[in-house]
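Chains as they are written, first to last, in the working numbering: chain P, 6 to 105; chain S, 10 to 493; chain H, 3 to 649.
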Amino acid sequence: MIPTTYILLLSALIFTIGAVGVLVRRNALIIFMSIEMMLNSVNLTLIAAANQWGNLTGQIFVFIVIAVAAVEVAVGLAIIMAIVRHKDTTNIDEVHLLKG
Amino acid sequence: MTLPNLDLPPLLPEIILIGMALLLLVVDMAARFRDARAEGSLMAGLTFASVLIAAGATAAGIGGGDASVAGVVLVDDLSRYLNLVVLLAAGLSVLLAWAYVPQFSRESSSFYALVLLATAGMMFMGKSVELITLFVSLEILSVSLYILTGFNRHQLASAEGALKYFLLGAFSSGFFLYGLALFYVQTGSTQLAEIAAQDSGGVLLLIGLGLLLVGFFFKLAGVPFHMWAPDAYQGAPTPVTGFMSVATKAAAFIALFRVLAAVPGVPVEVWGWAVAIVAVLTMTWGNFAALRQKSLKRMLAYSSIAHAGYMMTGLVAGTDALNAILYYLFAYAFMNIGAFAVAAMLERPTPNAPQDATIDAARGLFDRRPALATAMAIFMLSLTGIPPLVGFFGKLYVFGAAVSAGWAWLAVVGMLNSVVSAYYYLRVVVVMFMAPEDETSYVRSRIPAGAGTAIAVAVTGVLLMGLLATPVFVELGRAVIALR
Amino acid sequence: MLSFAWIILVFPALGLLINWIFGKRMGKSYIALVASAAVFASFLTAVGLAAGLAALPADARAVTVPLWSWIHIGDFQVDFALLIDPLSVVMALVVTGVGFIIHWYAATYMLVDDHHRELSLRMYGRFFIYLNFFILMMLTLVLANNYLQLYVGWEGVGVASYLLISFWFYKPSAADAGKKAFIVNRVGDFGMALAIMWLFFLFGKEAGSLAFADIFHAAEGAGAAAAGAMTGITLLLLLAATGKSAQIPLFVWLPDAMEGPTPVSALIHAATMVTAGVYMIARSHPLFEMAPTTMAVVAWIGALTALMAASIAIVQTDLKRILAYSTISQLGYMFLGVGVGAFTAGIFHLMTHAFFKALLFLTAGSVMHAMHGELNIDLMGGLKQKMPKTYWQFLIGAAALAGFPLLAGFWSKDAILYEAFLKSPLLWGVGIFTALLTAFYSFRAVFRAFHGDPRSEHAEHAHEQSPGMTFPLWFLVIGSLFAGLLGLPALFGEHVNVLGNWLAPVFADLEGEVHGSEGLELTLFLVSSGVALLGIFIAYARYIPEWGWAKALQRLFSRLQPVLENKYCVDEIYMAAIVNPLRRLAEGFYQLGDGCIIEGIVNGVGAVTVRAGGYVARMQTGVLGMYALSFFVGVVLVLLWFLLFVT
């Protein structure tokens, strides 16, 4: 069986990739995908921990995170669509009306 | 197998709100409305009534002891006071939204349903004693607020504020969630009580606490996690801005208190210094950035950031500062939403939506609407922290708590910051009372009844809570007992 | 039995509310009536309080009238309460008494604006609302029984003052002056806030409140242990006092504050608000007594401010500015008085000054109206014939200011100078020299404005003002003539010092004062009488050379030095001998003090702050990527901090 530590390290790696993705990408959709990646890496952590501790709490947590992520997708796409309708772009660098 | 025993009555206020949110959507489907205004009035009226009832139900329970529901939420006096702060903010904002929302939207039912859901989410967040509940309630309030921020779809500013709030909010949720997961990895439990029972910390717990702090700092708009706040606050419809600038902070503060009280083996010096540094950065940044603003709303947005910084200084004192922070939150609800309400009266209507009010729009306001100008002056002076208004006592209690916990320098920084803030708050007063009217001045020819009531209530609150500072503060002391 | 004291605050509050709510429907005469009647009712209440206090035995004359419990943290409690004791009652009498007369005068004066245009009803009503608000706040200040409430009043009168300085808001100079007053006073207020917090931390636990009596008791209990802190606290309080009372280094706002309507200059910037600093120091005297260093600083600040402001007053040509510098100078005397421990004398001078300076300002207002807004004394002249009543009123005010023997200012100034001499002859020397300058500049104003021939169109056509403005001033004239009799020196007997006896319970805890011999007292009296007369005489000779020995002197000089043959020669000799060095000195002070350094610092701090604000705001670029980066940097820093702890 794979040691829990390895899984935790893997999920930390995926989390970091997601976070870096948010920082370096300019397309709102890709940024959003990176955020989803962060959430899912946390799911991996939770499952590994649930396995380690032998209780179900982590598993339940995962289901809830998946549900929440689905909610965020719905809302997030609607907001991005609103921007596209105004500016015809998904590039976040072009959206800077509010500043200063 | 038996289901866990759900003891519902302690959660009656939340149930009322969620029930009403669903009812609003049903009513919207069933009924036909003549125009947006009629729909808005009905929805606002129903919402306001449910907020009042929920507040009444909460107030009736004060002093009634603790009740744990399913082991995930704890209804104690602390959470009841939080309920009252959040409901106060919601009530005032609903009054302000009454005539405001129909100006740009025919979907009042969704607007108010979202307000109710966000309110319920905040109330749950303040009573969560379990990590999954904490995460879910945080997400309920966040997602509702993302939509509310972008509710005015005809306006790019609103959509842009929502986009920034949403992307950064989801980003921060990721860190927050990772922090929660690390707690679980370390302890095998998501119950705060069980986590607290662990005798020592561990590296993962420490990192987890750091990540949780980041998530809370984001909600509190602490520097450098604050960048979303000015844009989201400016872009959002004004009633939403007032609501979220107060109520979200309240919920986040109380939840943070519960988490900090539960984490074992992390001395106050560690998280205390992190909080103190962020507090200093936050108030200084907020105040300095507010100095040069032209938009009244954006100035108030930066001022909200600064006030979050003041409140954070109380955090370092731990549980002893709870009633100080609660007092500040009540004070802040009155004066800040009051100020946003006046700002909304200065917004020039355009076909799509009201245009942002500039500070110059208040020129000569005292001549045209003396009562409105006086109310605004009271809010501004109170935000500055001039006695005997409520803002002064808020600062006094919070800084006092910091000093008695040995963080005197933090209080001094706070005081210096208040001096800086006087420049921009009093600029508004000067403009209203001394500058002559010109073509930039604007104020609505008729103040809607709802907004007028909200402003009157806020003024009364600012004055009364200042004059009756003692009894209120003593009353809030119950909350401290709750957490000891 | 003094529990009715609170109604003294109710009257101005009521006047303010009535004028605010019904003002637009009432018409100007009713607005003025309501506002003045409110202040008069407060005055009667103050008289009642004085009578009630007098009926008590001397050692029981400090009554606290609690209104409500205000702050309560554990054992610490601050009440909103009125302290009725001899000192606060004297202040209340001065504020409401002089305040009433100024309201009465303003009822007529404010019918037109500074350029003789009809003033709108709205502006008129607003003026009286502000004025009543000021009275309310000033009474809150002087009747406070604790430092926090004093601070409320302190900020409140500040707000009233800014609003009224900028009352002619369409004039940029007025708006700037309001801003300047605001910024400069913020520096002082900051000192006040810090001092109160310091007191709170030091004695809050022990005293259980911020009430004066409790704090003083706790401070005495702490004794020498708190000596260092006490010096710090009193210096901070002094900073606050220099802001409010326009002393070095924060005096610069007061001359500009003359942009406000003249009754405001009389009420706020001469008679009452600016004396709040003196009152606060007298009120806090147990603390100051524990900090000898601060006391010396107070005395020297007072003496130097008096000298500097008087020398600047000599070269001013704007009538109100002369009076403004004169106010600064006289406030300097009061500081000198309280600084050498002569608290009674300081308060005595505060009271007489309120009478004669209010009188001078209000007559200046009459002159200003008669001259259609012109205030340059070079363009006046000959007003004595045009406006005889105003002339006599101004003359008596100026004589009282100059320390003309037996008038109000003479007694109070000499009481201060006498005590200063006992402390340090050097301080006395500065004071007495200032007295010479004072006599000179006050009569320079009299002679330039009222004597000689009219020097402008406006002066030709000046005419006496209506009784509504001249009549109330006679009450101030009575005060300027006879108020000094309340504080006759010990020279005339043991119990003749009415004010001294009255205030004795307040300052009873002072260590036994040093008393000089009667001979010394008499000598000093004669010296200062002589100095006052000499100053007046020089002014007379300088500005009305056609009369008496000045003419002879002129001839003498022209005979001795044929080069100086025209009639300007005398002028020039005077100029070279007296005025020019002084003027140079004065202008030096003006340039150095007022012009660059202080203004530079005060405005500089504000400008730098605001500019920094611009930079900070610019970092909010509006680009989401940068926001996320900022967030991420925060995450990394927080995590590093926590990991640092682990290792």
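For glycine and all other residues, C-beta sits at the position ideal for the given N, C-alpha and C.
Within the segment 25-55 of chain P, contact with chain H at the beta-carbon level (separation under 7 Å) is assigned to 27, 28 and 31.
Around the Cβ of residue 53/H, a 10 Å sphere holds fewer than 16 other Cβ atoms; the residue is exposed.
Under DSSP, residue 76/S forms a beta bridge with 84/S. Residue 92/P has a beta carbon lying at 9 Å or more from every beta carbon in chain H. For residue 361/H, the closest of 102/H, 538/H, 32/H and 83/H by C-alpha to C-alpha distance is 102/H. Cα atoms of residue 296/H and residue 302/H: separation of roughly 10 Å, rounded to the nearest angstrom. Counting C-beta atoms within 10 angstroms of its own C-beta, residue 623/H has fewer than 16 neighbours from the protein chains shown and is therefore classed as exposed. Per the coordinates, the alpha-carbon of residue 123/H lies some 7 Å from the alpha-carbon of residue 26/H. Our two residues, residue 433/S and residue 300/S, have alpha carbons roughly 5 Å apart in a direct line. At least one beta carbon of chain P lies nearer than 9 Å to the beta carbon of residue 634/H. Where residue 117/S is concerned, the enclosing alpha helix (DSSP H) starts and stops at 117-136. In this structure, the beta-carbon distance from residue 113/H to residue 100/P does not fall below 9 Å. With a minimum length of 4 residues, the unbroken runs of alpha helix (DSSP H) contained wholly in the segment 149-196 of chain S fall at 165-196. Pairing residue 22/S with residue 62/S, the inter-Cα distance amounts to about 8 Å. Contact check between the segment 342-351 of chain S and the segment 377-385 of chain S: three or more CB pairs, one atom from each, fall below 8 Å, which counts as touching. The three-state reading of DSSP puts residue 103/P in coil, since its state is none of H, G, I, E or B.
With its beta carbon at least 9 Å from every one in chain S, residue 96/P lies outside the interface.
Closer than 9 Å to the CB of residue 18/P there is not a single CB belonging to chain S. When 95/S, 138/S, 101/S and 137/S are compared, the shortest CA-CA separation from residue 127/S is found for 95/S. Cβ neighbours of residue 166/H within its own chain (closer than 6 Å, five residues either side excluded): 132, 262 and 266. For the pair residue 350/H and residue 40/H, the Cα-to-Cα distance works out to about 26 Å.
For residue 55/S, the three-state secondary structure derived from DSSP is helix. Between the segment 370-388 of chain H and the segment 327-343 of chain H there are fewer than three inter-stretch CB-CB distances shorter than 8 Å, so the stretches are not counted as touching. Around residue 9/P, the same chain offers 53 and 57 as residues with beta carbons nearer than 6 Å, after the five sequence neighbours per side are excluded.
Secondary structure of residue 70/H (DSSP, three-state): strand. Closer than 9 Å at the C-beta level to chain H, one finds these residues of the segment 417-445 of chain S: 417, 420, 421, 424, 425, 427, 428, 429, 431, 432, 433, 435, 438, 439, 442, 443, 444 and 445. Contact annotation: residue 327/S and residue 105/S have beta-carbon atoms that are not nearer than 9 Å.
Non-local C-beta neighbours of residue 36/P in its own chain, meaning closer than 6 Å and more than five positions away in sequence, comprise 27 and 30, ordered along the chain.
For residue 450/H, the enclosing alpha helix (DSSP H) begins and ends at 427-452. A distance below 6 Å between beta-carbons, with the five flanking residues on each side excluded, links residue 479/H to the following residues of its chain, in chain order: 395 and 398. Per DSSP, the unbroken alpha helix (DSSP H) holding residue 235/H starts and ends at 229-246.
When DSSP reads this structure, residue 82/H sits in a beta bridge with 70/H. About 5 Å separates the beta carbons of residue 236/S and residue 632/H, which is inside the 8 Å limit, making them a contact pair. Residue 66/S and residue 27/S do not touch by the CB rule: their CB atoms are close to 13 Å apart, not below 8 Å. Between residue 57/P and chain S, the shortest Cβ-Cβ separation is below 9 Å. The C-beta distance from residue 168/S to residue 74/P rounds to 22 Å, too long to meet the 8 Å contact threshold.
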